[in-house]
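Quick note: to get the working numbering, add 127 to the position in the sequence shown (first position is 1).
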Amino acid sequence: MAGMVAAIAGGVALSLTSHVVPTWPWFLLGAAMMQVRLLANMFDGMVAIQTGKASPVGALFNEVPDRVSDAAFFIGMGYAVGGIPELGYCAAIMAIMTAYVRSEGTVAGAHQEFCGPMAKPQRMAVGTIACVLAALLPEEWIPTLAVAPGAGIMAIALVLIVIGSLVTILRRLAKITAALRRIAP
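Structure, rendered in structure tokens:
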């Protein structure tokens, strides 16, 4: 739950870069919240395992806030300076789909498939790096996309996340399919 709160705060901070000057503190806050989200998620899982409180109900309440967290960050990146809102929504959908494919594979009887190249840690790494670059690079050094006026680092990061997530989905589907074929009668 703490990770989801951090993600929502991070997404709001990123979207504020379109409305508040200077932008750098908000980009750094977004980057920090991405890392807080990952740490909170990791500690939550470690505590549940160490205390023997890991359960199917706990797993469910781990997954749902993770999907909200992905959406909050990527939609926030889409509305940030240098972002494209539609790319933020696409990245959110693709991130949710990577988890959906993993979950469906598990329901069908395969093991949990966490392969990438754009699993949650990699998505957060790309987002964090983009935020830090947007905060620290001089404006004249920031690349822009010729296809969309005003699109810059956030849009580039979102494109990487969308493409990487698509590859991840296809890889997971292939691995899950192979695993299910091995166990099918």
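All C-beta atoms, glycine included, are put in the ideal place defined by N, C-alpha and C.
Same chain, Cβ closer than 7 Å to residue i, neighbours up to 5 away in sequence not counted
i    : result
M128 : P192
R194 : I223 and A226
S145 : Y206, A207 and V208
S196 : G130, M131, A134 and R164
A282 : G209, G210, I211, L214, L272 and A275
T233 : Q239
Residues of its chain near residue i, where Cβ-Cβ distance is below 8 Å and the 5 sequence neighbours each way are ignored
i    : result
S292 : A218, M221, A222, M224, T225, M245 and R250
A284 : M204, V253, G254, I256 and A257
V228 : E240, I296, R299, L300 and I303
I288 : F201, A218, M221, A222, M245, R250, V253 and G254
T248 : Reading off the sequence, residue 248 comes out as Pro, not Thr. If we look at P248 and ignore the five residues flanking it on each side, its Cβ neighbours are L165.
S230 : E190
Presumed contact (8 Å Cβ cut-off) between residue i and residue j, rounded CB distance
i    : j    : result
A133 : A167 : 6 Å
A275 : I211 : 6 Å
A158 : G209 : Between G209 and A158 the Cβ distance is about 14 Å, and since that is not below 8 Å, they are no contact.
L156 : A175 : At roughly 28 Å, the Cβ-Cβ gap does not stay under 8 Å, so L156 and A175 are not in contact.
G137 : F200 : 6 Å
G215 : N189 : The pair is not a contact, with the Cβ atoms about 24 Å apart (cut-off 8 Å).
I280 : I269 : 6 Å
L235 : L307 : Note on identity: in this sequence residue 235 is Ala, with Leu being the wrong assignment. Going by Cβ atoms, the distance from A235 to L307 rounds to 6 Å, so yes, they are a contact pair.
Other residues of its chain near residue i: CB distance less than 6 Å, five sequence neighbours each side excluded
i    : result
A198 : A219
query = Between the region 147-161 and the region 257-264, do at least 3 Cβ pairs fall closer than 8 Å?
reply = yes
message = Pairs of beta-carbons, one from the region 175-192 and one from the region 233-246, closer than 8 Å: are there three or more?
response = no
Ranges of the alpha helix (DSSP H) found wholly within the region 261-312, counting only runs of at least 4 = 280-310
query = What residue ranges within the region 143-200 form continuous alpha helix (DSSP H) runs of no fewer than 4 residues, ordered along the chain?
reply = 151-177
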